[in-house]
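Here is the structure we will look at.
Given below as structure tokens:
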């Protein structure tokens, strides 16, 4: 296989991954273009300019703008400033999936609070109360399970970062260089504070 063939195969593999990610996102309720954007950021990280995203997506600027805002709200990407540039740039956030988990945990916890407030303020038929409590139990168990998953993922990232530190130091990197471990611990402690607060 020639170098040109290898480059073509690599490009096709990238595009296939991006498209599969788009289809998976669509089945999860996200717009397909949002899934394609996630695929691009997972591969390239960023910063990527708004103009480049629109060109690579072959999509309207309005559509790209709508979906980058959606991914910003979900905590997957963030807007970054580039010196000397007037247009917007975006990058994949550090630990985006831990952030998504934290948001899901908070959503579940809010729902259980809403049910408590409703039942305290308004007497309901037994059947309605049973349905609400069943939904509340589902959200409570989901929040607890996601909290445990968040802890496991944070521990896994800490272990990965710890294994990577010696290699970086041998290469001359400073021992105090920031890594994924502090961010993982921060994500876990933030979620723990939310759980305690709720």
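Numbering (the working numbering), first residue to last: 630 to 827. Glycine residues also receive a C-beta, built at the ideal position from the N, C-alpha and C atoms.
For residue 706, the enclosing beta strand (DSSP E) starts and ends at 706-709. For residue 721, the enclosing beta strand (DSSP E) begins and ends at 718-721. DSSP places residue 735 in the uninterrupted alpha helix (DSSP H) bounded by 725-750. If you ignore the 5 residues before and after residue 722, its C-beta comes within less than 8 Å of the C-beta of 704, 705, 706, 707 and 728, all in its own chain and listed in chain order. When the beta-carbon positions are compared, residue 716 and residue 678 come within less than 9 Å of each other. Closest in alpha carbon position to residue 710, among 661, 702 and 720, is 720. Exclusion of the five residues before and after residue 643 leaves 672 as the residues of its chain whose Cβ lies within less than 8 Å of its Cβ. When DSSP states are grouped into helix, strand and coil, residue 689 belongs to the coil group. Sorting 743, 774 and 657 by C-alpha distance to the C-alpha of residue 765 places 743 at the top.
A residue is called buried once 16 or more other Cβ atoms fall within 10 Å of its Cβ, and residue 734 is buried on that count. When C-alpha distances from residue 662 are compared across 637, 724, 688 and 783, the shortest belongs to 688.
Judged by DSSP in its simplified three-state form, residue 678 adopts strand. The beta carbon of residue 775 sits closer than 6 Å to those of 730, 733 and 734, all from its chain and outside the five residues before and after it, given in chain order.
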